[in-house]
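See below for the structure under consideration.
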Amino acid sequence: MSTQTTSPWKSLGQLPENVWRSIFRNPLPSSDLGRAQTSFTNFFLHLHPVKVHRNSLKATFTFGLGLISFFLFFILVVTGILLMFYYVPSTTQAYDRMLDLRGTVAFGIFLRNMHRWAAHGMVAAVFLHMCRVFLTGSYKPPREFNWVLGVLLLLVTLFMSFTGYLLPWDQLAFWAITVGTSIASYAPLVGKEVKFILLGDSTVGQEALLRFYVLHVAVLPAVLSLLVAIHFWRIRKDGGLSRPEVEDALPADSPAQMEVVSGPAVVMATSAAAAEAAKPVLQKRHYGIQGLVRGPFTKVGNVPDRSVFAWPNLFMAELVVFLITVAGVLLVSLFFNAPLEEPVNVMHPPNPAKAPWYFLGLQEQVSYSAFWGGVGIPTIEVLLLLIVPYIDRKIAGVGRWFARERLLANSLFLTFVVVNVILIIIGTFFRGPNWEFVSPW
Amino acid sequence: MKKTAAKPEIEQSEDAMTRRKALSWLSGFGLFGSLIITAFSNLIFIKPRATYGQPNRFSIGKPEDFPSGARVSLDVRRVCIVRDGDKIAAISTTCTHLGCIVSVSETGFACPCHGSRYDQDGNVTGGPAPRALPWYQVSLAPNGEIEVDKDTEIEPGSYLRV
Numbered sequence: 047m048s049t050q051t052t053s054p055w056k057s058l059g060q061l062p063e064n065v066w067r068s069i070f071r072n073p074l075p076s077s078d079l080g081r082a083q084t085s086f087t088n089f090f091l092h093l094h095p096v097k098v099h100r101n102s103l104k105a106t107f108t109f110g111l112g113l114i115s116f117f118l119f120f121i122l123v124v125t126g127i128l129l130m131f132y133y134v135p136s137t138t139q140a141y142d143r144m145l146d147l148r149g150t151v152a153f154g155i156f157l158r159n160m161h162r163w164a165a166h167g168m169v170a171a172v173f174l175h176m177c178r179v180f181l182t183g184s185y186k187p188p189r190e191f192n193w194v195l196g197v198l199l200l201l202v203t204l205f206m207s208f209t210g211y212l213l214p215w216d217q218l219a220f221w222a223i224t225v226g227t228s229i230a231s232y233a234p235l236v237g238k239e240v241k242f243i244l245l246g247d248s249t250v251g252q253e254a255l256l257r258f259y260v261l262h263v264a265v266l267p268a269v270l271s272l273l274v275a276i277h278f279w280r281i282r283k284d285g286g287l288s289r290p291e292v293e294d295a296l297p298a299d300s301p302a303q304m305e306v307v308s309g310p311a312v313v314m315a316t317s318a319a320a321a322e323a324a325k326p327v328l329q330k331r332h333y334g335i336q337g338l339v340r341g342p343f344t345k346v347g348n349v350p351d352r353s354v355f356a357w358p359n360l361f362m363a364e365l366v367v368f369l370i371t372v373a374g375v376l377l378v379s380l381f382f383n384a385p386l387e388e389p390v391n392v393m394h395p396p397n398p399a400k401a402p403w404y405f406l407g408l409q410e411q412v413s414y415s416a417f418w419g420g421v422g423i424p425t426i427e428v429l430l431l432l433i434v435p436y437i438d439r440k441i442a443g444v445g446r447w448f449a450r451e452r453l454l455a456n457s458l459f460l461t462f463v464v465v466n467v468i469l470i471i472i473g474t475f476f477r478g479p480n481w482e483f484v485s486p487w
Numbered sequence: 005m006k007k008t009a010a011k012p013e014i015e016q017s018e019d020a021m022t023r024r025k026a027l028s029w030l031s032g033f034g035l036f037g038s039l040i041i042t043a044f045s046n047l048i049f050i051k052p053r054a055t056y057g058q059p060n061r062f063s064i065g066k067p068e069d070f071p072s073g074a075r076v077s078l079d080v081r082r083v084c085i086v087r088d089g090d091k092i093a094a095i096s097t098t099c100t101h102l103g104c105i106v107s108v109s110e111t112g113f114a115c116p117c118h119g120s121r122y123d124q125d126g127n128v129t130g131g132p133a134p135r136a137l138p139w140y141q142v143s144l145a146p147n148g149e150i151e152v153d154k155d156t157e158i159e160p161g162s163y164l165r166v
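These protein sequence lines map, in sequence, to chains Z and V.
Final position of the first sequence in the working numbering is 487; the numbers increase by one with none missing.
Final position of the second sequence in the working numbering is 166; the numbers increase by one with none missing.
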């Protein structure tokens, strides 16, 4: 008792250290136990597993695309909230506020640039992330549902971008949304209703601007955040990132690995019998704390273990991806300004009236057939993407790029990607006034 | 002794409708039903009953304002008033392709966005437009003014006689 009582003066002297310790309970880890504890005692780190498989950290396996998408979303939330301080969703004021961002608001133009380029980047990163997951066969069981969530996230990302497009209330915004919502009205039965509810009126006007604003700053970010949370959670529950079914040989200099079992009380398994008993646990390993707690023994280095501690390996990798993403957005925003066209003129549509680049493939399809190009084919494409993990269930070629066993599936997917990229290129560079074919040279 | 007594009870609960099971189903339906009703109510809520922009029913003035042979495009209303002798009609100027405003040309209507062309009656003569321009209901209000109702489409070629 007596050792616990300290004088107020002494407490005051220890104040900084005590406050620090009350926030961060553990010192920087120097042992494997500490490294494990760091992952699950920190709020921001605890959604990570304590240990991750080496392949999850291989830059050429994931290219960090999922993380890049998430960090771009983070940048979009931060810059978006800042822009909200100056933006007014009113047809008479919105465009003036854009000019104010350029002229009077400190860093206004820079924040708008960051928001715009990060949005373009996010659409691209999410799409490339989907390509990575498909081409490495990572959507197969048990990861089917996370693939479905991923497809939904792609759709929400596109819708986020689409709703943001109207907000500057310039010619580009007005006509892109006029064209886009007209495409929606081609949907059978509900098309007209969907367009009317989306616009709040029969044409794009004040109601549409207000609705798109609410969707853009409140509804869709909430939906996206929820889906992202489940998406991340499912990565853990589905056993981490996918990896090859056959491991290549462990490097000879690999240090002996030890895992902590049953919480902080470390029990060393010394006998051969104990190591034998630990094997079933190994085969069903999750790289999550629940997996660690389940087994009765501590495993020692005599079993092949391809996993490394999340601290510091995974966190350093994530930090690097974050810094590269932020640096990329900052650099692009420094050198390129987000476009702003003339204020809305309802009487004079630009010719051609083009949608944002990632919808130009859709618009190109629409120029052949409004229903099939704008509604029929996209619906079929999305449905195919959604059911693909429930059709292609053979566990072969998972966790490797362009696995030979997946030649058919990968070829079909690449065809889908290439066709869409070509349509976007045609729509962007080869279409002039009246949507007639022009040469960009 | 106890075990044998318990067994038939379990079997019964599997196929027969017990009170517990019936109540579970009932509450399940109740919860799921209220979820659907809530979702549906939200949909009704966000569908506006009145719009704040351009009204879809509006007056365009007296018949005398439109001399015979006139083709007056009211861009703000997105409608073109056509008068031929004592016949009067209102044709939509919203392109049926992707919603741009068509302009009145010598041969009919032309869309500046994707090059759709229409004849004098709004029938498609070229370009990607999938449908003819709709005709709207035109009526004579008690005060003698012409009223256009964009919510009611009528058969092309049907005129109001004034």
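Built from N, CA and C at the ideal position, the CB exists for glycine as well.
Every value quoted in this text rests on a predicted model; they were computed, and no experiment measured them.
* Can you tell which of T461/Z, R452/Z, K241/Z and E451/Z has the C-alpha that lies nearest to the C-alpha of E427/Z? -> Within the first sequence, the letter at position 381 stands for residue 427/Z. Measuring from the Cα of E427/Z, the nearest candidate turns out to be T461/Z.
* chain V beta carbons: is any one of them nearer than 7 Å to that of A442/Z? -> As a first step, residue 442/Z must be located in the first sequence, where it is residue number 396. Answer no: the Cβ-Cβ gap between A442/Z and chain V never drops below 7 Å.
* Asked: Between the Cα of P138/V and the Cα atoms of E159/V, S120/V and R121/V, which residue gives the shortest distance?
  -> Taking the first residue of the second sequence as position 1, residue 138/V is located at position 134. Of E159/V, S120/V and R121/V, the residue nearest in Cα terms is E159/V.
* Asked: Hey, is Y140/V's beta-carbon within less than 7 Å of any beta-carbon in chain Z?
  -> Along the second sequence, one-based indexing puts residue 140/V at 136. With 7 Å as the cut-off, Y140/V does not count as an interface residue toward chain Z.
* Touching or not, the stretch 125-145 of chain V and the stretch 420-436 of chain Z, by the rule of three or more beta carbon pairs under 8 Å? -> no
* Asked: Just how far apart, CA to CA, sit L380/Z and W163/Z?
  -> Translated into the one-based positions of the first sequence, residue 380/Z becomes position 334. Translated into the one-based positions of the first sequence, residue 163/Z becomes position 117. One C-alpha to the other measures close to 11 Å.
* Asked: Would Q336/Z count as contacting chain V if we go by Cβ distances under 7 Å?
  -> Numbered from 1 along the first sequence, position 290 holds the residue referred to as residue 336/Z. Reliability of the predicted coordinates at Q336/Z is poor, the pLDDT of 44 falling under 50, and no value is obtained from them.
* Host beta strand (DSSP E) of Q141/V (start-end) -> Residue numbering aside, residue 141/V sits at position 137 when the second sequence is read from its first letter. Where Q141/V is concerned, the enclosing beta strand (DSSP E) stretches over W139 to L144.
* When burial is assigned at 16 or more other CB atoms within 10 Å of the CB, is R165/V buried or exposed? -> The residue labelled residue 165/V in the question sits at position 161 within the second sequence. Per the 10 Å Cβ criterion, exposed.
* **Range of the contiguous alpha helix (DSSP H) that encloses F89/Z** => Along the first sequence, one-based indexing puts residue 89/Z at 43. From DSSP, F89/Z is part of no alpha helix (DSSP H); its letter is neither H nor E.
* Taking any Cβ of chain A, which residues in the stretch 42-67 of chain V have a Cβ under 8 Å from it, in chain order? -> Chain labels in this structure do not include chain A; the protein chains are Z and V.
* Spatially closest choice to S231/Z from A219/Z, L245/Z and L218/Z, by CA coordinates -> Residue 231/Z sits at position 185 when you count from the first residue of the first sequence. Comparing Cα positions, the closest option is L245/Z.
* **Residues bridged to G473/Z [DSSP beta-bridge criterion]** => Stepping through the first sequence from its first residue, residue 473/Z is reached at position 427. For G473/Z, which the question treats as bridged, DSSP gives no partner whatsoever.
* Asked: Cα separation between G126/V and V108/V?
  -> Start at 1 with the first residue of the second sequence, and residue 126/V comes out as number 122. Start at 1 with the first residue of the second sequence, and residue 108/V comes out as number 104. Approximately 10 Å, taken between the alpha carbons.
* Asked: At a Cβ threshold of 7 Å, is L39/V touching chain Z?
  -> For this step, residue 39/V is matched to residue 35 along the second sequence. Answer no: the Cβ-Cβ gap between L39/V and chain Z never drops below 7 Å.
* Can the beta-carbon of A94/V be found closer than 7 Å to that of Y163/V? -> The residue you call residue 94/V lines up with position 90 of the second sequence. The residue you call residue 163/V lines up with position 159 of the second sequence. Contact flag unset, no.
* Asked: Which chain V residues are close to G251/Z, counting only those with a beta carbon under 9 Å from its beta carbon?
  -> Position 205 of the first sequence holds residue 251/Z. Going along chain V in sequence order, the residues near G251/Z (Cβ under 9 Å) are T55, Y56, G57 and Q58.
* Three-state class that DSSP yields for S96/V in the structure shown -> Locating residue 96/V in the second sequence gives position 92, where the first residue counts as 1. Three-state DSSP puts S96/V in a strand.
* Contacts that D4/V makes with chain Z (C-beta to C-beta distance below 8 Å) -> Because chain V here runs from 5 to 166, residue 4/V falls outside it and cannot be looked at.
* **6 Å CB neighbourhood of A416/Z in its chain, flanking five on each side removed** => What you label residue 416/Z is simply residue 370 of the first sequence in a count that begins at 1. Once the five neighbours on either side are set aside, the close Cβ partners of A416/Z are Y232.
* Asked: What is the DSSP secondary structure of S57/Z, counted as helix, strand or coil?
  -> Mapped onto the first sequence, residue 57/Z falls at position 11. In the structure shown, S57/Z sits in a helix (DSSP, three-state: H, G or I).
* Asked: Which residues in the same chain as F113/V place their Cβ atom closer than 6 Å to its Cβ, once the five residues preceding and following it in sequence are excluded?
  -> Counting from one through the second sequence, the residue named residue 113/V turns up at place 109. The answer, listed in chain order, is V106 and Y122.
* Asked: Beta-carbon of P134/V versus every beta-carbon of chain Z: anything under 7 Å?
  -> As a position in the second sequence, residue 134/V is number 130, starting the count at 1. P134/V counts as touching chain Z.
* **Closest residue to A264/Z among I127/Z, A105/Z, A356/Z and K97/Z (Cα-Cα distance)** => Indexing the first sequence from 1 puts residue 264/Z at position 218. Of I127/Z, A105/Z, A356/Z and K97/Z, the residue nearest in Cα terms is I127/Z.
* Asked: Considering only residues of the stretch 138-180 of chain Z, which uninterrupted alpha helix (DSSP H) runs meet the minimum length of 4 residues and lie entirely inside it, listed in chain order?
  -> 140-149
* Asked: Three or more C-beta pairs closer than 8 Å, one from the stretch 409-423 of chain Z and one from the stretch 440-452 of chain Z: is that the case here?
  -> no
* **7 Å Cβ cutoff, L102/V in contact with chain Z** => Residue mapping note: residue 102/V aligns to position 98 of the second sequence, counting from 1. Yes, L102/V counts as interfacial toward chain Z.
* To do: Could you tell me whether the stretch 250-260 of chain Z touches the stretch 186-199 of chain Z, using the rule of 3 or more Cβ pairs below 8 Å?
  => no
* Compare the beta carbon distance of F447/Z and L181/Z with 7 Å and say whether it is the shorter of the two. => Against the first sequence, residue 447/Z aligns to sequence position 401. Against the first sequence, residue 181/Z aligns to sequence position 135. A quick correction: the sequence has Trp, not Phe, at residue 447/Z. Yes, these two residues count as a Cβ contact at 7 Å.
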